[in-house]
Amino acid sequence: MAEDKVLKELIPRINELSKKKKEQGLTEAESAERKDLHKKYLKRFKENMRSQIEMVQVYNKKGKEITSDKVKNIQRKKGLRDD
68 MAEDKVLKEL
78 IPRINELSKK
88 KKEQGLTEAE
98 SAERKDLHKK
108 YLKRFKENMR
118 SQIEMVQVYN
128 KKGKEITSDK
138 VKNIQRKKGL
148 RDD
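Position one of the sequence shown corresponds to residue 68 (the numbering used here), numbered consecutively onward.
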């Protein structure tokens, strides 16, 4: 997966807040920030995962493409397929 700068910025802060929560607890503001960062992280993670899945072409052992029609249609809309 390509480097995602947004995730690279979110993860250290999420980890910092998680560590603080375990050691001494969080203020209400920190808890809200942690929740917001977690939502942003999940959203970005899902976007990246969807993008990767949409780029995949699946082949069986005989070399015949068996990519689902749904994924093929998405790839066509994005100009990733010639068929």
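For every residue, glycine included, the Cβ atom is placed at its ideal position computed from N, Cα and C. Please read these numbers as outputs of a predicted model, since none were measured by experiment.
query, result
"Between the C-alpha atoms of Asn141 and Glu90, what's the straight-line distance to the nearest angstrom?", "Just to set this straight, residue 141 is Ile in the shown sequence, not Asn. Rounded to whole angstroms, Ile141 to Glu90 spans 46 Å at the Cα level."
"Using DSSP's beta-bridge definition, name the partner residues of Tyr126.", "Glu132"
"State the start and end residues of the unbroken alpha helix (DSSP H) segment that holds Leu84.", "Lys72 to Glu90"
"Going by CA-CA distance only, name the one from Gly146, Arg111 and Leu104 that's closest to Pro79.", "Leu104"
"Would Glu97 pass as a contact of Leu77 if the rule is Cβ separation under 8 Å?", "no"
"Who are the near neighbours of Arg148 in its chain, counting only those whose CB is closer than 7 Å to its CB and skipping five residues on each side?", "Lys139 and Gln142"
"By the three-class DSSP mapping on this structure, what secondary structure does Leu93 have?", "coil"
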